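Same order as they appear, the protein sequences are chains E and P.
So the first sequence is numbered by my numbering: it starts at 8 and just counts up by one.
So the second sequence is numbered by my numbering: it starts at 51 and just counts up by one.
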Amino acid sequence: MILKLLRQILLMSKLLLYGTFLQTLFFTVLMAKEGKAQRESVHKIHVSVTWENITLSQAFSDLEQKTPFKFTYHHNKVDDSAILNFNSPNTSLGKVLLFMSENAQLRFQRINDNIHVGKRSKKDKALTEKFSEQLLWEKEISGTVTDENGEGLPGVSVLIKGTTKGTVTDINGKYALIVPDNAATLVFSYVGYLTEEVEIAGRTVINQKMVPDISTLSEVVVVGYGTEIKRNLTSSVATADVDDIDEIPNTSLSNAIAGRVPGVSITTAGGRPGTTSSITIRGASTGGFAGSTDPLYVIDNVIATKELFDLLDPNEVAEISILKDAAAAAIYGSRASNGVVLVTTKSGQKGAPKIQFTATVGSSREAIRTEHLTAYEHALLVNQAVAAGNNPEENIEQSLFGNVPISDAELEYLRNNDFGNFEEQSRKAPVIQRYALNVSGGTENVTYFLAGSFVEESGNVEKLNYDKFNLRGKVDVNITDDLSLSLNTDLARDNDFQYFWPFDSDDALVDSYRQSTRRGNWAPAFINGLPVANFNAFNVSGFFDQATGGDRERTTDVANFTATLNYDIPVIEGLSVGGTFNRRRVSNLNNTFRTPIVDYFFEADPNNRFRLLPNVVGTRERLFGGADGNSIERTTQVDNSYQLNFRVSYDRTFNDHKINAQFIYEQFEFERDNIFSRRRNPLSRNIRQLFATSEDAEDIFTTGSEAENGRLSYIGTLGYIFRDRYLLNGSFRYDGSTQFRPGKRYGFFPSASVGWIISEENFFQNVGFVEFLKLRASYGLTGSDNIDGDDNLLSSFSYLEGFRTSGSVVFGDGNANNNVIRSRGLAATELTWDKTTTLNLALDFEVVNSKVSGTIEYFRNKRTDLFGPRNSITPVIIGASLPRENYGEVDVTGFDVLLNYKDNIGDLGFDIGFNLGYAKDKVITVDESEDLRPFQKQTGNNTGRIFGYKTKGIISTREQLEQLIAAGFTQFNRDPYLGQLLFEDVRGNSVDDPLGNTPDGVVDANDQTLIADFGRPPVNYGANIQLKYKGFSLDVFIQGFGGHKKLVPNSGRFAFDVTEEGAWKHWTDAFDPVENPSGTFPRWVNFWSNAASTNLATSEFWLRNGGFARVKNVNFAYVLPRNITERVGLGSVKFFVNGSNLFFLYKDTNNFDPELGGDGVPIYRTYSGGIQIML
Amino acid sequence: MKTIFNIFGLIALFLGFTQCEDVLDKTDLGNITSDVVWDDPVLAEANLNRLYQLGNPGWPVGASASSDDSFGTNDFMYGRINENSDDSYDDAYRAIREINVFLEGIVRGTIDQDLVDEMTGQALFWRAYNYWELVTTYGGVPLVLEVLTADSDLNRPRNLTSECVTQIIEDLDKAISLVPDAYDGEDFGRITKGIAMTYKGRILMHYASERFDPNQSGSRWQAAYDALAAAKNNLDANGKGLHSSFAELWDDDSPGNPEIVWGRLYNTDNNHNRDAFVRPFQPGFSLEAGQIDNATISLLESFPMRDGKKIDDAGSAYTYDPVLIWQNRDPRFEATLVWNGAEYPIDDPEPFKTSSLNWTFQGNTTNNEGDGAITRTGFLTRKAIDPGLTHLDARESTTQWIEIRYAEVLLNLAEAANEVNRGGEALNYLLAIRERAGIENLDGRYGLDAGLEGDQDAMRDAILLEKRIELAFEGKRSQDLIRRRLIEDLNGTERMGYFIERTAAFDALVTEGSLLDDRIAFENAVLTGSIDLDDRATYDTYFTVTPYSVEENSDVPGQDGTDINFDTRYYFFDIPEAILLRNDQLENTLGWPGGTFDPLL
């Protein structure tokens, strides 16, 4: 681990060196400017002066040598002719300066280490007699800032009002600040506390106690291309609670914020290391049309991808905002239909370097472990099935395999010799560990932030590992008072390593997990270290094994460099120009090593075929994928892109009017280069290099592809606030995309929103308990050009006709491959954006001294012009899929509710929140024939409905069976049998039963009908409880979904397909006329037989309530008292323990996790603990 | 003033960076644009190759299950196919569109006319092929001979079956006039005149048969005969003929193999898995193996004796033994089939392969796996199986598929000749086939009945029987049964196989030890000659052979399986509802729900 870490650091440090070269330069400047004398008054700095007839400039250079100060003055304004004589071995600098002021008619103004020299005015002269010292225009104010408990509060910003000059309190809450003479007021501000303005009133010591700010109205929320305080928001923006996500180890950011964003559905895909979560905002739906329901991801104002979002480490994330309505999202125009997820990374804060280190280690196991049959239970059921098959009376097709019953002796052996399934035989405890370090600090003009992190998660078996490494360097520089520059460089690298199982789709490991949990109980996975072939078509353990199986590895490297320049134009107040340039490179390296798998047949005891003897009688060598089954594959894909924007903005307040406006030009270009290479027959499995393989021409294969696209956008925003209570915002984006042909490329996406803060009105002042009440409404248009589903980066050029390559055919003497190209079909020349019109109405309030706050929102997203081919109403003879057109229409309506209660009882502070989101879609226009029977129509219905058979229980008595047969009842053209699921005969075929409501006496495919309205949850909800007591804190996040049904996953519905393959535990209650006549599960029959198809089919029998509430995270932390940590020289030390996916408050599914489909590696429950140290 | 100037400078700098519209000026790097294809012979040929990729028939794995030749429980045989089950309609029209795109495109470019003609001929052949596939499934379908667009009139009714056949023949005739007699070696496998002519003959023969003409009222056989006779002339002139060896004709996939009229070649990248299905089952490997092409007793009995006489013909020089059924049979029996104890040196791994002998008795493996999967009828097929392939390579076999071999042309011509009262000619073709098969010619007629050429009905039966034997497991039997409406005659019957069990004497060979030990001891005895399985009494000592039904629900002797129940609706299938819904002019096929379209017109 350590070696790997070091290697990663070395590799990435090299890259970081290039990326932060400029930044390093600025650090040097920064260090040089930090002087010791900064906070010392000139009266406390002593010098020895021996001046005899020297000029003013000689005097300055003498002082510059003896003190840390630099003198700056204008030659035209300062009379250098004065001759000075001053002699003192030890005098204060203040006295020297006063002497100079008297003799050369000067005044001095000190700013940190600079002393500006000016000419004395007449007014100054008058002052001289009384306050001669003020000629120096220097005054030090110091003090301590404390929190509500009287503890020193570090990091508080202390500013001289009306300027950008100020300082930050140190770790003890102390500050000292040199203020100019005319300064009147200090402003103390700190996140989470009310900002205080304090008049100086001649004082030199000002201690300030900060009051916690219960109201969140002044929180700054990141919105598209800017920020807004929450009070003034007129659009729907949710923010993720990212406070402690640093402490709970996660491999992806989407996992880390699950349950922490009100009204946003974030569901985990499973427990495989490196798995991410999917994020859906407000039930986004394409109603079955092309396109994606994924939101747009924007990181630091640069449009990114979900992959890049997940690569971020929580340690570098400052804010996550979710833009939910069009008023918020339309500024991202063409890609904002499904909402926008905005991430802002952390920046440096002024002050001494702050170092924070967090280390977490945890381990996990399945949140819900699916129970499977034991070897003995399994064998009993096999015998029942064999008996049924061998009994012609039963009318059950014989299973082709295993028609020899398991003997009593064998049963007894299995009862006492359960080896556990292969997963259990191979499992190890997954471990997750994470280390994060960040440093930030800065001076007046330069701040910096540096962060590095490493997270690693191992899986439930060998050869399953994920790790991620992040580095970020950020520097913000005020080059002059008006010109600022921000440089942001980040490097991320993740590595995903897994065993290679040929039947798994790329990531989910569905099949190997299923195979490994269902097989193996009858035999050990290994005997004498050799994988066992007996009883197993597939001994998965051999694939998990380091030594024998193949593997697959993906490495992604991301390098991002962003420079942002801002210039406040001095001549016009409030006007500024700026620009952002981002350059990004994402490279993906995939290696797949495939190798033949060998396992061994062991001799079986002649009297007990389950008892294996240790001698090998044969081997089984298998190759999956033909000649490619012994090969090395390597794919290199490099994406290069840049985003550039140029911005003019205007922000100013005139009396009661606040105006801000922005105009932005943005362009983006992307190119991808992909090379795939495969060589067969490696010389040795120990050398995983392409070169070390067979040189035969037929063993070498390579291909590649390239792609490019671009975007061009013009963006405008306008905000207007009148009297702090009437809010008006508008924005537009005019977007061009290469997805569509010239002429169809541009889309215009405007939005407008209004807000009215009723509580500001005079007539409302009498309503005592309501502190804040705001009504807001928004309306706007967003779009989507995502015609390709997931990979929105690649333009499909579907507007062009053409040909593409398509494998080969064989001709000729030498059986040679001949190239094939095929027509791409009809071009979608008329395709353009799909559009979403969003209406959002909301009420925000704060009551009871702002302790209770909340938001209620209603929305209606009308999605029109969805892409789809009008195939189902076009005759098939056209011979091609019709080009996609913009015609589909889907409405999504719903509401969000957010409530929060924040207060404290003595030292106990608490913050309790609850949120609820409801969204339902409805298909308005879809491509379907008018001749469809009513029950088949989608129009007017929501998507995600579940169709299947209605069940009427199990055929459990002979009488019932005989009655059915006598009535001529069949299921799928076959006579029913005892123990079979009985389906309801709902209707006949379309010709005889055009309305679809007349039973025809038999059950067949016509009888499939609606069995559940929602297959996806229409409701998501969450709760967070945060308690603080002195140094202790407890955070609990609860996430829930509801209103939908869930089908028992396929692996739970399988009985068995071959005798050695087990099944879920619930089959122990399988019906059997002799052994279990009251069984509640259908009879155990061969899965491949037609008899089983009724049991397997989607039916009410397998339907469960999908709702659940899950305790997603619990984090308990303790901060050591400061007096202890100070003694060992640390700023603060925090210990924490936490758990993820701990338990369910409510669920209705048995034996599988309702958050998942149920197949694949289940979601893990993780316990971890760690420490966070700040210096 | 200077500041304002700076601002404009800054703006200019940014705009200089930005290329505005160039940002959207992108090229489709992943595709080949339409215009270049038709001017470039290489690209045009690559697109022509696509038509082969779409259509070229390959190994019909498992097709024999839909006939009386092999075990195979399927809904087709049991009359359980529901409406909407056959959805090849959509795919065929997709192929036809690609063909029409090619036909319309190839004449637009600048490619040399000779080459255009040659390629056009091949494309026309594929259009005929795809329409014939539709017609044999549904009867007449809408004829689309141009590239349709969304603006075209797409609501077309079905053309009559006869109109479709006329169009198919027209395309084939055009193809015949355009494609060459043969290609250079590197283009071997492309459509030649000979292929197009024999295929045309096969279609006309099919169209003349009872399926399309139940009452045999039409006079379609003459056209079939003419076409097949012309095809034979072309083939003969181009060096085609019968391969010298029935058993080895599959091993040679070069242009020099005279038997290949229309073949499909395979290689490492374009392979098939037929071998894996047909080879013996190996416990722990592939559950599919050993289940395909298990010969029924009916097929086994249809092979004649070594002298060409039927097994029950008292005039035969040989006596048929219903247990040692491989003895003294037509050499094609051994070349096609593998029985219990047959020499079959297939490359399979230990422990289940212990010698070059093959076992098909029940429970011959060491554990409970695979019982019943070994073969359902006691027989396996070795035709065109390469025993040298390892079990790993068997999933990616490169053995060629011969869609039309010369023997089929002779048999088709014989069938057509018999129908147009040329019985003598038909007899000659049968004799040629039997001669090549290696049948002993004891009577100058290779065992064929005397006077056969004068009895049209007997001759018809003899030809269909010869086809069944010669072309066994080549997917032709089910086609013949449907074509001549013979498949319905199987209704109420059950396909039978042999249930072979070892006796106590077998188990007693080794007193201590596993079944495997018994088997190895037995094998050694057979190989050293101390046990002679060709001796009936010895065989009976170690095995019992019981005929039993191999239909669904029957697994051991004495059980009553599901009867064959072919539904005559399957002669022409329904057009799936989803397709009907998209075209209000489309009638469904007669006999199916709402069907009004008569496919016999």
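All C-beta atoms, glycine included, are put in the ideal place defined by N, C-alpha and C.
None of the values given here were measured: they were computed from a predicted structure.
What residue range does the beta strand (DSSP E) around residue i cover?
i, result
"Val103(E)", "Here Val103(E) belongs to no beta strand (DSSP E); instead the alpha helix (DSSP H) covers 100 to 111."
"His123(E)", "121 to 126"
"Asp918(E)", "915 to 932"
"Tyr1153(E)", "1139 to 1154"
"Phe1048(E)", "1039 to 1049"
Taking the straight line between their C-alpha atoms, what separation do you get for residue i and residue j?
i, j, result
"Lys360(P)", "Asn317(P)", "40 Å"
"Val36(E)", "Tyr473(E)", "Interpretation of Val36(E) is limited by its pLDDT of 39, a score under 50 that renders its predicted location unreliable; no figure is taken from the coordinates."
"Glu562(P)", "Asn1148(E)", "57 Å"
"Leu315(E)", "Val565(E)", "8 Å"
"Tyr419(E)", "Glu1068(E)", "This sequence places Glu at residue 419(E); Tyr is not what is there. Going from the Cα of Glu419(E) to the Cα of Glu1068(E) covers about 19 Å."
"Gln432(E)", "Gly466(E)", "14 Å"
"Leu477(P)", "Lys433(P)", "26 Å"
"Met38(E)", "Ala359(E)", "Reliability fails at Met38(E), whose pLDDT of 38 lies under 50, so the model's placement of it is uncertain and no value is given."
"Leu260(E)", "Glu326(E)", "12 Å"
"Val1010(E)", "Ile1018(E)", "16 Å"
"Ala714(E)", "Ala1030(E)", "45 Å"
"Val268(E)", "Asp248(E)", "7 Å"
"Val103(E)", "Ile252(E)", "56 Å"
Give me the residue from the options with the minimum Cα distance to residue i.
i, options, result
"Val438(E)", "Leu471(E), Gly459(E), Pro412(E)", "Leu471(E)"
"Leu91(E)", "Thr62(E), Phe76(E), Arg877(E)", "Thr62(E)"
"Arg356(P)", "Thr346(P), Asp371(P), Ala258(P), Ile347(P)", "Asp371(P)"
"Asn397(E)", "Asp201(P), Val606(P), Asp137(P), Tyr548(P)", "Val606(P)"
"Arg618(E)", "Asn424(E), Glu226(E), Phe1115(E), Tyr727(E)", "Asn424(E)"
"Gly960(E)", "Gln987(E), Glu969(E), Phe976(E)", "Gln987(E)"
"Glu446(P)", "Ala634(E), Asp992(E), Phe115(E)", "Ala634(E)"
"Thr836(E)", "Gln772(E), Leu788(E), Lys751(E)", "Lys751(E)"
"Leu540(P)", "Asp119(P), Met255(P), Leu74(P)", "Asp119(P)"
"Thr93(E)", "His82(E), Thr569(E), Gly290(E), Leu70(E)", "In the sequence on display, residue 93(E) carries Phe and not Thr. Answer by Cα proximity: Leu70(E)."
Per DSSP, what are the beta-bridge partners of residue i in this structure?
i, result
"Thr709(E)", "Ser684(E)"
"Tyr865(E)", "Leu848(E), Phe902(E)"
"Met546(P)", "Ser599(P)"
"Lys216(E)", "Thr153(E)"
Under DSSP, the alpha helix (DSSP H) around residue i begins and ends at which residues?
i, result
"Trp176(P)", "163 to 188"
Quick check: the region 201 to 219 of chain E against the region 316 to 331 of chain E, are there 3 or more CB pairs under 8 Å? no
Pair every Cβ in the region 605 to 622 of chain P with every Cβ in the region 124 to 143 of chain P, then say whether three or more of these pairs are closer than 8 Å. yes
On the three-pair Cβ rule with 8 Å, is the region 349 to 359 of chain E touching the region 764 to 774 of chain E? no
Under 8 Å: do the region 90 to 102 of chain P and the region 687 to 698 of chain E share three or more Cβ pairs, one atom per stretch? no
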